[in-house]
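*Asks:* So the sequence shown is numbered by my numbering: it starts at 1022 and just counts up by one. Cβ atoms here follow ideal geometry from the backbone N, Cα and C, with glycine treated the same way. Have a look at this one.
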Amino acid sequence: MPSGSGSGGGGGRVPLISGNWKMHLNHFEAITLVQKLGYLLRKEDVEEVEVSVHPPFTDLRSVQTVLEADKIPVALGAQNCHWEDKGAFTGEVAPPMLAKLNVSYVIVGHSERRELFGEADEVVNRKVLSVLGAGMTPILCVGETSAEREAGSTEAKVVGQVRAGLAGVSPAQVGAMVVAYEPIWAIGTGRVASASDAQEVCALVRSTVAELAGAEAAASLRAQYGGSVKPDSAPGLMAMPDIDGALVGGASLDAESFAGIVQYRLAG
Ligand code: 13P
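Pasting the structure below:
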């Protein structure tokens, strides 16, 4: 097994807990949610854990304003972007536009984008490169369907997605990135992966990164788990040496439950 301290954020990595709001909450509702989070998150909660929220595009400016005005220690994230900096791409949003809103993290290649909007590995890779080019950090999502897991092809799927997603990315950039392992069968189903299954695949992500970009990059890259994470499952997942955070969907729409996940060290 790759190295890790066993306390989540192994190897000195600062855990990153991210809330992917998906297509939920208008900008008024978004403001209310981040203000609640601002009240619930205490200083010590975010001393050793980084937190990001990923609202829909229409909410970004409002959420940015509240986070900055109220000094809420939560990073701003986006859920997607185009790979070009500008151009005739109706309906798309360019990475420099996100960077201008002080967006730090961009989710790239979420399974919903891959499955529902036909994003292939090559497109995902272009997005990774352009997010990095705009000075932001991609959260590259990978994960298998339940049919793939049953057929024993989890490893091939995840390794293939990691390799394709990181093509042409420098080792230093890889080391600063985040890869989220999100088994598709666990997303929005209430069926969270067991901590040991999630650990196994996050370790596989790290060893694949070591082959691609070297041991140093592999040791600093953060691997998140995503898929039905709730306050009660977070501590077990975060105790795993190769799991450095969570990508949270449904539970991130409720301030108490998202704060409860961020405060995973308090439980047990
Ligand atoms: P749920 O937490 O709702 O299962 O969603 C996970 C996810 O897709 C986060 O990106």
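Per DSSP, what kind of secondary structure is glutamate 1069 in: helix, strand or coil?
*Replies:* Three-state DSSP puts glutamate 1069 in coil, outside helix and strand.
*Asks:* Nearest to aspartate 1253 by CA position, among Ser1278, Ala1177 and Leu1274, is which residue?
*Replies:* Ser1278
*Asks:* Report the rounded CA-to-CA distance for valine 1269 versus glycine 1248, giving the unit in angstroms.
*Replies:* The alpha-carbon atoms of valine 1269 and glycine 1248 are separated by roughly 7 Å.
*Asks:* With distances taken Cα to Cα, identify the nearest neighbour of glycine 1166 among Val1179, Pro1159 and Met1157.
*Replies:* According to the sequence shown, residue 1166 is threonine rather than glycine. When each option's Cα is compared against that of threonine 1166, the closest is Val1179.
*Asks:* Does arginine 1212 come out as helix, strand or coil in the three-state DSSP assignment?
*Replies:* coil
*Asks:* If leucine 1258 and valine 1250 are in contact, beta carbons under 8 Å, what's the gap, nearest whole angstrom?
*Replies:* About 7 Å separates the two Cβ atoms, so the contact holds.
*Asks:* Straight-line CA distance for arginine 1134 to glutamate 1140?
*Replies:* 6 Å
*Asks:* Out of Ala1280, Thr1175 and Ala1099, which one is the CA nearest neighbour of lysine 1057?
*Replies:* Ala1280
*Asks:* Just to check, is the beta-carbon of asparagine 1041 closer than 7 Å to a non-hydrogen atom of the ligand 13P?
*Replies:* yes
*Asks:* Find the nearest neighbour of isoleucine 1205 within the set Glu1136, Arg1063 and Leu1225, judged by alpha-carbon distance.
*Replies:* Glu1136
*Asks:* Would you call the region 1077-1093 in contact with the region 1046-1053, where contact means no fewer than 3 C-beta pairs closer than 8 Å?
*Replies:* yes
*Asks:* Measuring straight from C-alpha to C-alpha, what distance separates aspartate 1106 and arginine 1034?
*Replies:* Between aspartate 1106 and arginine 1034, the C-alpha separation is close to 31 Å.
*Asks:* Taking only three categories from DSSP, how would you classify cysteine 1162?
*Replies:* strand
*Asks:* What does the alpha-carbon distance come out to for the pair leucine 1274 and glutamine 1220?
*Replies:* 25 Å
*Asks:* If valine 1163 sits next to valine 1200, beta carbons under 8 Å apart, how far is it from one beta carbon to the other, in whole angstroms?
*Replies:* 6 Å
*Asks:* If you reduce the DSSP assignment to three classes, tell me which class isoleucine 1038 lands in.
*Replies:* strand
*Asks:* Put serine 1167 into one of helix, strand or coil per three-state DSSP.
*Replies:* helix
*Asks:* Taking Cβ positions, are glutamine 1282 and isoleucine 1128 nearer each other than 8 Å?
*Replies:* According to the sequence shown, residue 1282 is isoleucine rather than glutamine. Contact flag unset, no.
*Asks:* Can you list, in chain order, the residues of its chain with a C-beta nearer than 7 Å to that of aspartate 1142? Leave out the 5 residues immediately preceding and following it.
*Replies:* Gln1182, Ala1185 and Gly1186
*Asks:* Do alanine 1260 and alanine 1207 count as a contact pair if the criterion is CB distance below 8 Å?
*Replies:* no
*Asks:* Just the Cα atoms here: how many angstroms apart are glutamate 1169 and alanine 1214?
*Replies:* 15 Å
*Asks:* Does the region 1110-1120 come into contact with the region 1066-1076, if we say contact requires no fewer than three beta-carbon pairs (one atom in each stretch) closer than 8 Å?
*Replies:* no
*Asks:* Taking its Cβ as the centre, do 16 or more other Cβ atoms sit within 10 Å of tyrosine 1285, making it buried, or is it exposed?
*Replies:* Counting Cβ neighbours within 10 Å, tyrosine 1285 comes out buried, since at least 16 surround it.
*Asks:* Looking only at DSSP bridge pairs, what is isoleucine 1128 linked to?
*Replies:* Ile1160
*Asks:* What is the residue span of the beta strand (DSSP E) that tyrosine 1060 lies within?
*Replies:* Note, tyrosine 1060: premise wrong, no beta strand (DSSP E); alpha helix (DSSP H) at 1048-1061.
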